[in-house]
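Engineer:
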Amino acid sequence: MDRRVFIKDLGKLGVAMVVVSACGTDRIGSSASTVAATTGSSVTGGPSSSAAPTTLPATTIGAPPTGLTTWERVRLGSVSAYVLARGGEATIVDTGVSGSAPAIGDSLGQIGLGWADVSHVVATHLHPDHIGSWADVMVAASGAAGYAGHADLPAISSPRPLSGLGDGDMVFELRVIATPGHTPGHISLLDESAGILVAGDSLNGTDGTGLTGANPQYTPDMATANESIAKMAGFDYSVVLVGHGDPVVENGSSLVGALVTG
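Residues 286 to 547, numbered by the numbering used here, are exactly what the sequence shown covers, in order.
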């Protein structure tokens with residue numbers, strides 16, 4: 286599968302982003318880590334959220350900076366974690382499957398940051414392919430506060446207490462959007478100034494140009510999940526970062542809106 290590589294000057298931030306492609310001559314670099322990644326067959330709603338583990342190389346896919354926020358995609362087999370950075374500080378969204386912490390650390394290094402620069406770690410939801418490395422990441426990012434949606438919080442084991450998040454809360458200047466359906470406490474995060482939506486598994490990516498809704502095979506309440514899509518369509522953003530499949534980097538809110546009207 287061809288993948289696009291984006292490199293853009295960060296201007297006053299003075300940080301050069303190293304962009305790593307997943308195949309072919311576009312590859313500039315990759316992490317040396319491997320993780321046990323979840324795989325599975327796709328269904329109408331998008332890639333699977335859980336299946337038998339296999340070992341795949343973890344690569345970091347860089348992104349063009351948007352506004353004052355930059356983001357890094359950490360590819361962990363069939364699931365992705367994300368690093369959002371601004372002003373020398375980072376937030377990690379989701380931690381992937383077990384064994385993913387080294388790859389996330391590599392992604393921090395790609396943008397000149399380390400574990401000491403991580404101020405927040407946020408789980409979009411409780412599924413093990415998204416919180417499988419939660420404890421390891423929280424130990425490595427010893428100064429970071431941890432968060433999850435209120436309804437999912439009790440299911441997450443953490444080495445230190447976590448804070449529950451609800452609709453309209455703010456973390457790292459990211460607006461919390463309650464997007465239940467895939468799980469009762471699923472949340473998405475919106476950087477309104479930069480136009481970036483981190484959607485977790487409330488949306489799935491296709492080839493980098495399209496989106497689908499939550500995967501019905503792993504979503505117990507599709508009616509509520511579809512209501513969450515309509516809710517996300519009411520905001521303005523260009524970039525959509527998803528847990529499964531490729532993120533989109535333009536026309537994000539229009540693509541989400543099309544899922545509602547289509």
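All C-beta atoms in this analysis are idealised placements derived from N, C-alpha and C, irrespective of residue type, glycine included. Computed from a predicted model, the values in this text were never measured in an experiment.
If we call anything under 8 Å between Cβ atoms a contact, is Asp-476 one with Gly-528?
Structural biologist: Residue numbering aside, residue 476 sits at position 191 when the sequence shown is read from its first letter. Residue numbering aside, residue 528 sits at position 243 when the sequence shown is read from its first letter. No, Cβ-Cβ distance for Asp-476 and Gly-528 is not below 8 Å.
Engineer: Return the first residue and the last residue of the beta strand (DSSP E) that Asn-511 is part of.
Structural biologist: Here residue 511 refers to the residue found at position 226 when the sequence shown is read from its first residue. Looking at the DSSP string, Asn-511 is not in any beta strand (DSSP E); the run it does join, the alpha helix (DSSP H), is 507 to 517.
Engineer: So, under 8 Å CB-CB, Ile-564 and Val-424 are touching, yes? Tell me the CB distance rounded to an integer number of Å.
Structural biologist: Look at the range of the chain in this structure, 286 to 547, and you will see that residue 564 is not part of it.
Engineer: Based on the DSSP secondary-structure assignment, which residues constitute the bridge partners of Ala-433?
Structural biologist: The sequence position of residue 433 within the sequence shown is 148, counting from 1. Paired residue(s): Gly-449.
Engineer: Measure from the alpha carbon of Leu-526 to the alpha carbon of each residue in Leu-393, Ala-430, Asp-492, then state which is nearest.
Structural biologist: Residue mapping note: residue 526 aligns to position 241 of the sequence shown, counting from 1. The option with the nearest alpha carbon to Leu-526 is Asp-492.
Engineer: Leaving out five residues on either side along the sequence, give the residues of the same chain with a beta carbon under 8 Å from the beta carbon of His-435.
Structural biologist: As a working note, residue 435 is residue 150 in the sequence shown. Contacts found: Gly-449, Leu-450, Gly-451, Gly-470.
Engineer: Tell whether a beta-carbon distance below 8 Å holds between Ile-514 and Gly-498.
Structural biologist: Here residue 514 is taken as the residue at index 229 of the sequence shown, counted from 1. Here residue 498 is taken as the residue at index 213 of the sequence shown, counted from 1. Going by C-beta atoms, Ile-514 is nearer than 8 Å to Gly-498.
Engineer: Check the Cβ-Cβ distances between Thr-376 and every residue of chain D, and say whether any is below 8 Å.
Structural biologist: No chain D appears in the structure shown, which is made up of a single protein chain.
Engineer: Would you list the residues sitting across from Ser-365 in a DSSP beta bridge?
Structural biologist: What you label residue 365 is simply residue 80 of the sequence shown in a count that begins at 1. Arg-360, per the DSSP bridge assignment.
Engineer: Evaluate the contact criterion for the segment 426 to 434 versus the segment 397 to 408: three or more CB pairs, one atom per stretch, below 8 Å.
Structural biologist: yes
Engineer: Determine the direct distance from the alpha carbon of Val-456 to that of Gly-397, and round the result to whole angstroms.
Structural biologist: To locate residue 397, count along the sequence shown from 1; it is residue 112. To locate residue 456, count along the sequence shown from 1; it is residue 171. Gly-397 and Val-456: Cα-Cα distance of roughly 22 Å.
Engineer: Look at the Cβ atom of Ser-418, then the Cβ atom of Val-382, and state whether they are nearer than 8 Å.
Structural biologist: Residue 418 sits at position 133 when you count from the first residue of the sequence shown. Residue 382 sits at position 97 when you count from the first residue of the sequence shown. Taking 8 Å as the cut-off, the beta carbon of Ser-418 is found closer than this to the beta carbon of Val-382.
Engineer: Among Asn-511, Ser-539, Val-422, which residue has its Cα nearest to the Cα of Ser-442?
Structural biologist: What you label residue 442 is simply residue 157 of the sequence shown in a count that begins at 1. Answer by Cα proximity: Val-422.
Engineer: Taking its Cβ as the centre, do 16 or more other Cβ atoms sit within 10 Å of Gly-453, making it buried, or is it exposed?
Structural biologist: Taking the sequence shown and counting its residues from 1, one reaches residue 453 at position 168. The residue is exposed, with fewer than 16 neighbouring Cβ atoms inside 10 Å.
Engineer: Which residues does DSSP list as the beta-bridge partners of Ser-487?
Structural biologist: Stepping through the sequence shown from its first residue, residue 487 is reached at position 202. Paired residue(s): none; Ser-487 is not in a bridge.
Engineer: How many angstroms separate the CA atom of Asp-521 from the CA atom of Ser-363?
Structural biologist: Translated into the one-based positions of the sequence shown, residue 521 becomes position 236. Translated into the one-based positions of the sequence shown, residue 363 becomes position 78. Distance between the alpha carbons of Asp-521 and Ser-363 is about 27 Å.
Engineer: In the DSSP assignment, the beta strand (DSSP E) including His-410 goes from what residue to what residue?
Structural biologist: Counting from one through the sequence shown, the residue named residue 410 turns up at place 125. Where His-410 is concerned, there is no enclosing beta strand (DSSP E), given that its DSSP letter is neither H nor E.
Engineer: Measuring CB to CB, does Met-517 end up less than 8 Å from Val-533?
Structural biologist: Here residue 517 refers to the residue found at position 232 of the sequence shown. Here residue 533 refers to the residue found at position 248 of the sequence shown. No, the Cβ-Cβ distance between Met-517 and Val-533 is not below 8 Å.
Engineer: Please state whether DSSP places Ile-472 in a helix, a strand or coil.
Structural biologist: Here residue 472 corresponds to residue number 187 of the sequence shown, with the count starting at 1. Reduced to three states, the DSSP call for Ile-472 is strand.
Engineer: If Val-368 sits next to Ser-392, beta carbons under 8 Å apart, how far is it from one beta carbon to the other, in whole angstroms?
Structural biologist: Walking along the sequence shown from the start, residue 368 turns up at place 83. Walking along the sequence shown from the start, residue 392 turns up at place 107. Contact flag correct, Cβ pair sits at about 5 Å.
Engineer: Whole angstroms is fine: what's the gap from Leu-438's alpha carbon to Ile-462's?
Structural biologist: On the sequence shown, position 153 is the one that residue 438 refers to. On the sequence shown, position 177 is the one that residue 462 refers to. The straight-line gap from Cα to Cα measures roughly 16 Å.
Engineer: Cα separation between Thr-504 and Thr-468?
Structural biologist: Translated into positions along the sequence shown, residue 504 becomes position 219. Translated into positions along the sequence shown, residue 468 becomes position 183. Straight-line Cα distance between these residues: approximately 7 Å.
Engineer: Helix, strand or coil for Ala-440, going by three-state DSSP, please let me know.
Structural biologist: Stepping through the sequence shown from its first residue, residue 440 is reached at position 155. In the three-state DSSP reduction, Ala-440 falls in the helix class (H, G or I).
Engineer: Quickly, what does DSSP pair Leu-482 with across the bridge? List them, please.
Structural biologist: Locating residue 482 in the sequence shown gives position 197, where the first residue counts as 1. Beta-bridge pairing links Leu-482 to Leu-475, Val-525.
Engineer: For a test of the three-state rule: what should DSSP assign to Leu-393, helix, strand or coil?
Structural biologist: Translated into positions along the sequence shown, residue 393 becomes position 108. If DSSP states are grouped into helix, strand and coil, Leu-393 belongs with the helices.
Engineer: In whole angstroms, what separates the C-alpha of Leu-361 from that of Gly-547?
Structural biologist: Locating residue 361 in the sequence shown gives position 76, counting from the first residue. Locating residue 547 in the sequence shown gives position 262, counting from the first residue. The alpha-carbon atoms of Leu-361 and Gly-547 are separated by roughly 31 Å.
Engineer: Which one of Ala-420, Ser-539, Arg-460 has the shortest CA to CA distance from Thr-494?
Structural biologist: The residue you call residue 494 lines up with position 209 of the sequence shown. Closest by alpha carbon: Ser-539.
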